[in-house]
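Contents: one structure, followed by commentary.
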Amino acid sequence: MNLESYKKQALQKQKEHKKFLEGLKKKPPKNLDYIVQETHEEVFEKIDCLQCANCCKTTGPLYTEKDIERISKHLRMKQADFEAKFLRVDEDNDKVLQNLPCFFLNQDNTCSIYDVRPKACREYPHTDRKKIYQINDLMIKNTVICPAAFEFVESMMKNLNK
43 MNLESYKKQA
53 LQKQKEHKKF
63 LEGLKKKPPK
73 NLDYIVQETH
83 EEVFEKIDCL
93 QCANCCKTTG
103 PLYTEKDIER
113 ISKHLRMKQA
123 DFEAKFLRVD
133 EDNDKVLQNL
143 PCFFLNQDNT
153 CSIYDVRPKA
163 CREYPHTDRK
173 KIYQINDLMI
183 KNTVICPAAF
193 EFVESMMKNL
203 NK
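Each number in the working numbering corresponds to the 1-based position in the sequence shown with 42 added.
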């Protein structure tokens with residue numbers, strides 16, 4: 043998987059993708075959620091996240107209090123110790139990782155806390171959510187990071203322009 047190639051394509055197509063997604067927001071098709079789900083499944087039949095893990099290498103998820111509670115319990119750590127060791131507060135006052143790539147990313151691109159991973163990780167790249175047009179800006183950002191998000195937008199464009 044050539045990440046540089048995906049990134050380059052995503053940057054070149056940003057305007058086109060943005061225009062398409064804004065069109066969905068203005069006039070969503072009646073069966074949009076169904077099309078989104080179908081497209082999501084199609085894309086993830088072709089793309090294996092374990093071949094990439096670019097999100098874990100370049101983007102830190104936001105950690106909610108529930109995430110911190112669940113993960114620190116799993117690691118048998120006090121929440122305060124977990125936060126001190128792994129997290130920092132960013133400019134938006136969100137709790138995020140101190141360093142990237144993610145500390146929990148293994149050599150083989152698997153996640154050492156997969157079963158208890160943060161909500162943000164579980165939902166990424168957000169290509170299977172209802173009312174997809176509510177996250178247009180986030181989707182555009184994700185197409186540059188995540189080959190699946192890029193393929194998702196490309197497939198959506200094809201599927202809806204049939």
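Backbone N, C-alpha and C fix where the C-beta goes; we use that ideal spot for every residue, glycine too.
Rounded straight-line distance, which links the Cα of residue j to that of residue i
| i | j | result |
| --- | --- | --- |
| M43 | Q93 | 7 Å |
| L139 | E46 | 24 Å |
| A190 | K120 | 36 Å |
| F62 | A126 | 42 Å |
| N141 | T100 | 10 Å |
| N178 | R159 | 24 Å |
Buried versus exposed call for residue i [16 or more other C-beta atoms within 10 Å across all chains shown]
| i | result |
| --- | --- |
| K232 | Examination of residue 232 is not possible in this model, given that the chain is present from 43 through 204 alone. |
Boundaries (first-last residue) of the alpha helix (DSSP H) holding residue i
| i | result |
| --- | --- |
| V85 | L74 to K88 |
| L180 | N178 to I187 |
| K137 | Premise fails: K137 lies in the beta strand (DSSP E), K137 to L139, not in any alpha helix (DSSP H). |
| L45 | L45 to Q54 |
| E133 | Unbroken run through E133: none, as it is neither H nor E. |
| N96 | N96 to T100 |
Unbroken beta strand (DSSP E) run spanning residue i, endpoints
| i | result |
| --- | --- |
| C112 | For the sequence presented, residue 112 should be read as Arg rather than Cys. Where R112 is concerned, there is no enclosing beta strand (DSSP E), although the alpha helix (DSSP H) it sits in stretches over E107 to H116. |
| R164 | Careful: R164 lies outside any beta strand (DSSP E), inside the alpha helix (DSSP H) at K161 to E165. |
When the options are compared against residue i, the one with the closest alpha-carbon
| i | options | result |
| --- | --- | --- |
| K200 | Y48, E80, K127 and K67 | E80 |
| L104 | S197, D134, I155 and K72 | D134 |
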